[in-house]
Each structure stands twice: as C-alpha cells, then as structure tokens.
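The structure appears right after this line, and notes come after that.
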Amino acid sequence: WKDVPVAGGGGDAAMTALKAMVAAGNYPTASQMLGYTVLDYAAAGVMGDLTETAKKEGWDKSVPAALQKFSVYDGKWVAAPVNVHSVNWLWINKAVMDKIGGTEPKTFDDFVALLDKAKAAGVIPLALGGQNWQEATMFDSVVLSTGGPEFYKKAMNDLDEDSLKSDTMKKSFDNLAKLVKYVDPNFSGRDWNLATAMVIKGDALVQVMGDWAKGEFHAANKTPDTDFLCYRFPGTDGSVIYNSDMFGMFNV
5 WKDVPVAGGG GDAAMTALKA MVAAGNYPTA SQMLGYTVLD YAAAGVMGDL TETAKKEGWD
65 KSVPAALQKF SVYDGKWVAA PVNVHSVNWL WINKAVMDKI GGTEPKTFDD FVALLDKAKA
125 AGVIPLALGG QNWQEATMFD SVVLSTGGPE FYKKAMNDLD EDSLKSDTMK KSFDNLAKLV
185 KYVDPNFSGR DWNLATAMVI KGDALVQVMG DWAKGEFHAA NKTPDTDFLC YRFPGTDGSV
245 IYNSDMFGMF NV
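For what it's worth, the working numbering labels the leading residue of the sequence shown as 5, then goes sequentially.
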C-alpha cells in the first residue's frame, strides 16, 4: 500500500489529482471520495467490484439505504461508506453571542438580524473560507432553509429543471448573496479550519460548517454551551443535510 496524500481541506485538490490519474490510466488502488463522485467513476467503468466482500460482511444490512444509493452501482458494491456527516450547522462563539445579546436564530431573517448585531459590535459576523466547497456547503443550507426539504430534494438531488429555474431557487441565491456581505474581505482561499479558528478566538461570531468543525473546538479545549454554541441553520430544524466519506476501489 502506497499513500498518495494531497493537501487541501475540502478534497478539491485530491479530486483534481484523482481525475488526472484516472484519465492517464494510472488508477490508485483506492481513494476517499463523496457519493456522486463514486457514481461518476462507476459509470465510467473504472471502479472495482466489492460485492463479494459486501455479501460476506452483510453491508446491505448495516449500511443505510440512503448511502447505498451512492455506494452500489448497477447492482454491485463499488465503495465502502465509512462515516456520515451532518452539514447544516451554525457554530457560534458564546462570549460574542452574549456580548451582543444574541439568541438562537429560528428563521433566515433572524439570522440576518443576528449578523447585523455582530457587525454593529465591530465583530466579523460570518467566518467563511472562499473555497468552492465551503461556499457550496453554506448554499446547501440556504436552499433547504429557503425552499424546505421537498424543494431541496427536487433541486439538489434530482436536479429537477423546473425547480432549478424557479423563483425559489432565485431567492436562494439572493439569500446567499445577503450572507456573503457579512464576510470579512480576507476570506478568499481561507481553509475551513482557519475560519473555525476565527470563531474559537472570538474574532468572528459564527461559521456555517458541517459537524467535523466540532473537532476543532474540542482540540482547543472548548466546552459546548460554555464556550461555543451549535444550532441548526435557521429554517432547517428537523431536517438533516448529510454527506458520507467513502472509499472506492479501482480496477487495478
């Protein structure tokens, strides 16, 4: 086994490197990737068949059906899911929240009002890294908040053309544009963990990020409800946007 690490917090650089390797016929034995990427490579016929192992170990019973949609292609197991992440979270510095007299935002308008309070207090309202995947992660939550779960499924999962061209989708982009106004001017290219550090240090009020951000707070010896707060993105309570890291094996 030969490791080929590729730097880059969200995996964009790794996926670019993987694409180049596959195009050159230089397949890795395995690669960590997300669901739709697995399906793309499976459709291209370059993924290995893990079905025998999956049957022996009972993956069909232990892996949730929602994840099997992305790890099984044409009746064959082509990837092994190793986790499930929940994405639609707000991570908030409690000291800053208390300082500005903020409360949990229940709606998108509440969230904007909270960001305005932070801005008025001279604190960076929203910590964000200007990388495609970070912006897309925030947009995911905005779409769910704006249109609700059924609209989200049609637009983001099914790529329904009417939904993608709808006024609701336009409003989702408008709402995203509202949030971007609360980001500091140095956000371009910032890694996600550096944005999390801004919240941990109290330089920023809030970050929209998946549950993996929790590890940064714990590594900094911060305590939930004492040092930081974690809420569902406003308007998404009761719904979960998820992703799953999977290891796909290639035909080598």
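For each residue, glycine too, the CB sits at the ideal point set by N, CA and C.
Here DSSP, grouped into helix, strand and coil, assigns Pro85 to strand. Taking the C-beta atoms as reference points, Val203 is found nearer than 8 Å to Trp95.
Pro153: member of the alpha helix (DSSP H) spanning Asn136 to Tyr156, first to last residue.
In this structure, the beta-carbon distance from Ala224 to Gln211 does not fall below 8 Å.
For Ile96, the enclosing beta strand (DSSP E) starts and ends at Trp93 to Asn97. By the C-beta density criterion, Tyr156 is buried, having at least 16 other C-beta atoms within 10 angstroms.
The Cβ atoms of Val42 and Ser75 sit closer than 8 Å to each other. Note: Ile128 is bridge-paired with Ala208 in the DSSP secondary-structure output. Relative to the Cα of Gly49, the nearest Cα in the group Asp241, Lys80, Asp207 and Leu71 belongs to Lys80.
If the five residues before and after Val100 are omitted, its C-beta is found closer than 6 Å to the C-beta atoms of Val127, Gly206 and Leu209, all from its own chain and listed in chain order.
Proximity of the stretch 100-110 to the stretch 156-167 falls short of the contact definition, fewer than three beta-carbon pairs being nearer than 8 Å. Collapsing the DSSP output to three states places Ala34 in a strand. In this structure, Met142 sits away from Ala159, with a CB-CB distance that is not shorter than 8 Å. Assignment of Asn161 by DSSP, reduced to helix, strand and coil, places it in the helix class. Residue burial annotation: Glu220 is buried, with at least 16 other C-beta atoms found within 10 angstroms of its C-beta. Residue state for Asn197 is assigned as helix, using DSSP reduced to three classes. Three or more Cβ pairs closer than 8 Å define a contact, and the stretch 53-68 falls short of that threshold against the stretch 28-43.
Under the DSSP definition of a beta bridge, Ser90 partners with Tyr246.
Only residues of its own chain outside the window of five on either side were considered, and among them Tyr156, Ala159, Met160 and Ser176 have a CB closer than 7 Å to the CB of Val147, listed in chain order.
Closest option to Gly242, judged by alpha-carbon separation, among Lys110, Ala181 and Lys123: Lys110. If you draw a straight line from the Cα of Asp16 to the Cα of Gly193, it comes to about 12 Å. In the displayed model, Gly239 falls within coil according to three-state DSSP, outside both helix and strand. Under a 10 Å Cβ-count criterion, Leu168 is classified as exposed, with fewer than 16 other Cβ atoms of the shown protein chains found around its own Cβ. Asn87 is the residue among Asp78, Glu56 and Asn87 whose C-alpha sits nearest the C-alpha of Val67.
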